[in-house]
Amino acid sequence: MVAMTLLRLMQFRLDAAWGEGSYWLKPEWNRRKQHPSILDLRRLFWHHRARFSKLLLRLEEIEKVPQVTIHAFQRADLAA
């Protein structure tokens, strides 16, 4: 549901910016399609899966920022 909502929102914004029907090309095998589907989105992501994997590996390599701990006596000061 979220993915379809985002697809439709993208369609409306790109249609407003570039003109109607310019953001998505109808697939060769089904010229009657009016708008992209979740399956189209899944195919797009699958096509770029290697890039996503590299991105995730790079994100794991980034040094984690240490978490700041707040002691109990500091929490009482913050609440006041």
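Heads up: the sequence shown is residues 4 to 83, going by our numbering.
Beta carbons: idealized from backbone N, C-alpha and C, even for Gly.
On a predicted model such as this, the values are computed, not experimentally measured, just so you know.
Where Leu59 falls: helix, strand or coil (DSSP)
Here residue 59 is taken as the residue at index 56 of the sequence shown, counted from 1. Three-state DSSP puts Leu59 in a helix.
Which residues in the same chain as Ile41 place their Cβ atom closer than 6 Å to its Cβ, once the five residues preceding and following it in sequence are excluded?
For the purposes of this step, residue 41 is identified with residue 38 of the sequence shown, where counting begins at 1. So the list reads Ala6, once near-sequence residues are dropped.
Using beta-carbon positions only, say whether His38 and Leu10 come within less than 9 Å of one another.
Reading the sequence shown from its first residue, position 35 is the one you call residue 38. Reading the sequence shown from its first residue, position 7 is the one you call residue 10. A contact, by the Cβ cut-off of 9 Å.
Delimiting residues of the alpha helix (DSSP H) encompassing Trp27:
As a working mapping, residue 27 is identified with position 24 in the sequence shown. Counting along the chain, Trp27 falls outside any alpha helix (DSSP H), and DSSP gives it neither H nor E.
Can you tell me the Cα-Cα spacing of Trp27 and Trp49, whole angstroms?
Indexing the sequence shown from 1 puts residue 27 at position 24. Indexing the sequence shown from 1 puts residue 49 at position 46. Going by the C-alpha atoms only, they are around 18 Å apart.
For Trp84 and Leu60, I'd like the C-alpha separation in whole angstroms.
Residue 84 lies beyond the stretch modelled for the chain, which goes from 4 to 83, so this question has no answer here.
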